[in-house]
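Q: Before anything else, here's the structure in question.
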Amino acid sequence: MKRQENLLKNQKGFTLIEIIAVLVILGILSAVAVPKYMDLQNQSRIKAADAAIAEVKSRLSNGFGIYLLKSGGALPNTVALVCGANGINDANVLPLNAVGTVPNLGDYTATIAANGLITVTAVQGTALSPARTNTWTLPN
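Residue numbering for the sequence shown follows the working numbering, beginning at 13 and increasing consecutively.
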């Protein structure tokens, strides 16, 4: 009998309560952490689309500066003038009539409208839902 008690005292290992506590902690961590990381790719696509919008705005701002230089300081009254003959005037940078798909934007699919609305619809071939939009306005 004494020998049996000594054998039980010498056994090493985790108790059932310790194992259950670890499982509960892992369950809580997975319930909190997994949803955050599941949406990580979509969030990075949104940030990349915002960067593409900033690129198009930068191109339009450069076109605005070129227009000012070519026209002797006269302000353009439409986005089409910024993209046209007195503006950038390069179909590899912006659509010449300021309407259509923005060229040479790498992994992004973006369009521009006559009112300056920039819309990014895809990043690296993956469609954004909803598309990211922003408007470039003519400086005064």
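Cβ coordinates follow ideal geometry from the N, Cα and C atoms, glycine included.
How close, in whole Å, do the beta carbons of L106 and R71 come, if the pair is a contact with beta carbons under 8 Å?
A: Right, their Cβ atoms sit about 6 Å apart.
Q: Between which two residues does the beta strand (DSSP E) containing V132 stretch?
A: V132 -> beta strand (DSSP E) spans L129 to V135.
Q: Do you know how far the Cα of L81 is from the Cα of L214?
A: Nothing can be reported for residue 214: it is not among the residues displayed for the chain, which extend from 13 to 152.
Q: For P115, I'd like the list of residues in its chain whose CB is within less than 6 Å of its CB, leaving aside the five on either flank, ordered along the chain.
A: The residues are N104.
Q: Report yes or no: do three or more beta-carbon pairs, one from the region 117-130 and one from the region 53-71, lie closer than 8 Å?
A: Yes, they touch.
Q: Helix, strand or coil for P47 per DSSP?
A: Looking at P47 - three-state DSSP - the assignment turns out to be helix.
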